[in-house]
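Read through the structure below, which is laid out as structure tokens, and then see the notes.
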Amino acid sequence: MEFFCYHRDRPGSLALRDELLHDHWSYMDQYAKELIARGPTLTADGGEPTGSVHIVDLPDPAAARAFAFDEPGYQAGVYQDVLLRRWRNILGRTMWDFPGGRTDGDRFLVLGLGAGEAVDLELPRETGELIAYGPLLSDDATAWLGTAALVRAPDADAARAVLTVDRYATVEVHRWQFGGRS
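Residue numbers for the sequence shown follow the working numbering, beginning at 4 and rising by one.
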């Protein structure tokens, strides 16, 4: 079962986040084989982290909750909240399989939170710039709750265009970069 996990930083927690970076990476190293994508979201100028995205393949919702809430930064109070949802890997690959590489171009997290009937369950026509893409689902995978995508795009507006924006309650776009040890 695949899960989308987004830890959003608590304002003023950058020093604590930096202090725990080694612990965070060591914790994530335990899940290296299960990770589909990972990396920080950043301020609009890319200068500071604002959260952490992890897409991970785990046995069940209980394992996903343990993954999200046992993370050292969460335990220490770095994050103000956590979005944890089942997710379906429509591309069928990891971020490391993305043909665009780790650093070329700007990357974004596009997060559409659902409002009613499911939308964007199929891949957009142009998939070459998609790093990860899939629906956000309830724990039992019966209810559609939105869509999460990692995309390379020239700017936030182009990234947002990967979703049918008017069919969501809200769409967030965050600057994002490949994470993990270099």
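Even glycine gets a Cβ: it sits at the ideal position worked out from N, Cα and C.
In terms of alpha-carbon separation, which member of T145, Y34, P52 and T53 lies closest to W90? Counted from its first residue, the sequence shown places residue 90 at position 87. From the listed residues T145, Y34, P52 and T53, the smallest Cα separation to W90 is found for T145.
Given 8 Å as the limit, is there contact between the region 70–80 and the region 116–135, that is, 3 or more CB pairs closer than that? In short, these stretches do not touch, since the Cβ pair count stays below three.
Just to confirm before moving on: does the CB-CB distance between T44 and L114 stay below 7 Å? Locating residue 44 in the sequence shown gives position 41, counting from the first residue. Locating residue 114 in the sequence shown gives position 111, counting from the first residue. In this structure, L114 does not lie closer than 7 Å to T44 by Cβ.
Counting only the same chain and skipping the five closest in sequence on each side, list residues whose C-beta sits under 8 Å from that of L17. Indexing the sequence shown from 1 puts residue 17 at position 14. Within the same chain, L17 has close Cβ partners E51 and P52.
Assuming R11 contacts G54 (C-beta within less than 8 Å), just tell me the rounded distance between them. Here the question's residue 11 lines up with position 8 in the sequence shown. Here the question's residue 54 lines up with position 51 in the sequence shown. At roughly 4 Å, the Cβ-Cβ gap stays under 8 Å, so R11 and G54 are in contact.
Less than 7 Å separating the beta-carbons of G27 and G103? Numbered from its first residue, the sequence shown carries residue 27 at position 24. Numbered from its first residue, the sequence shown carries residue 103 at position 100. Strictly speaking, residue 27 in this sequence is His, with Gly absent from that position. In this structure, the beta-carbon distance from H27 to G103 does not fall below 7 Å.
Please identify the residue among Q83, R155, W147 and D48 whose C-alpha is closest to the C-alpha of P14. Position 11 of the sequence shown, counting from 1, holds the residue named residue 14. Nearest of Q83, R155, W147 and D48 to P14, Cα basis: Q83.
Mind checking which residues open and close the beta strand (DSSP E) that includes P43? Residue 43 sits at position 40 when you count from the first residue of the sequence shown. L38 to L45 is the extent of the beta strand (DSSP E) around P43.
Let me check one thing: in DSSP terms, what residues is G137 bridge-paired to? In the sequence shown, the residue the question calls residue 137 occupies position 134. For G137, which the question treats as bridged, DSSP gives the partners A151.
Is DSSP giving A146 helix, strand or coil here? Here residue 146 refers to the residue found at position 143 when the sequence shown is read from its first residue. Residue state, collapsed to three classes: coil.
Below 6 Å CB to CB, which residues in the same chain sit around D123 once its five sequence neighbours on both sides are set aside? In the sequence shown, the residue the question calls residue 123 occupies position 120. Excluding sequence neighbours, D123 sits near T150, L166 and T167.
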